[in-house]
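Numbering-wise, the sequence shown is residues 8 to 151 according to our numbering. Right, one structure below, let's go through it.
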Amino acid sequence: MAEAILNETLLSYVHRRNQINTMITQYQNSKTLATSETADLSEWKNAKYSNLRAQCKNIFSVSYKDSTFKYVDYTEIPEYTEEVEYIECYYEGEMEDITTWETDLDNQITTLSVELQEINSYMDSYKTMLSDNIKNDYNYSEGL
Numbered sequence: 008m009a010e011a012i013l014n015e016t017l018l019s020y021v022h023r024r025n026q027i028n029t030m031i032t033q034y035q036n037s038k039t040l041a042t043s044e045t046a047d048l049s050e051w052k053n054a055k056y057s058n059l060r061a062q063c064k065n066i067f068s069v070s071y072k073d074s075t076f077k078y079v080d081y082t083e084i085p086e087y088t089e090e091v092e093y094i095e096c097y098y099e100g101e102m103e104d105i106t107t108w109e110t111d112l113d114n115q116i117t118t119l120s121v122e123l124q125e126i127n128s129y130m131d132s133y134k135t136m137l138s139d140n141i142k143n144d145y146n147y148s149e150g151l
């Protein structure tokens, strides 16, 4: 009877270990997605800057260069500075969200990894107890 209980306990730990491994894999996949989103966001920022520069250079050469405004180049145009500020704020806000998400994923992975180590230790202990019980039962039956 003791072997059956130990074996059942051991199987429940195996089941939980498999669940944890699946969850860790899902969190790691989410971290990969977060890394991809970070790259996409950086790409978006660079594309916005490139488009903004091209537009403002064109506006500067057509509208401001020969007018009464005292702008030296397109970076001094108010529209340019406002749009750069918007891009920076949006980028930093999104990066903060992604960083928070990645931190949460790291914490989940760490917590599950600790639980996995505990389960592996318990499993080793139960395997030893199960083996000892089987040996004791075998030795007892030989003595009869």
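Here a beta-carbon is modelled for each residue, glycine too, at the ideal position from N, C-alpha and C.
I need the DSSP call for residue i, collapsed to helix, strand or coil.
i: residue 84; result: coil
Beta-carbon within less than 8 Å of residue i's beta-carbon, same chain only, minus the 5 sequence neighbours each way: which residues are those?
i: residue 96; result: none
i: residue 56; result: 91, 94
i: residue 136; result: 13
i: residue 27; result: 119, 122, 123, 126
My guess is that residue i and residue j are in contact by the Cβ rule of under 8 Å, so how many angstroms apart are they, rounded?
i: residue 114; j: residue 10; result: So it is not a contact: roughly 39 Å between Cβ atoms.
Which residues in the same chain have their Cβ closer than 6 Å to the Cβ of residue i, if we skip the five residues on either side of it in sequence?
i: residue 59; result: 90
What is the rounded straight-line gap between the Cα of residue i and the Cα of residue j?
i: residue 134; j: residue 23; result: 16 Å
i: residue 39; j: residue 143; result: 50 Å
i: residue 110; j: residue 68; result: 46 Å
i: residue 121; j: residue 54; result: 42 Å
i: residue 46; j: residue 98; result: 12 Å
Tell me which residues share the same chain as residue i and place their Cβ nearer than 7 Å to its Cβ, disregarding the 5 neighbours each side in the sequence.
i: residue 80; result: 67
- Message: If contact is defined by three or more beta carbon pairs under 8 Å, each pair taking one atom from either stretch, is the region 46–54 in contact with the region 19–37?
- Response: no
- Is the region 126–142 touching the region 55–69 in the sense that three or more CB pairs, one from each, lie closer than 8 Å? no
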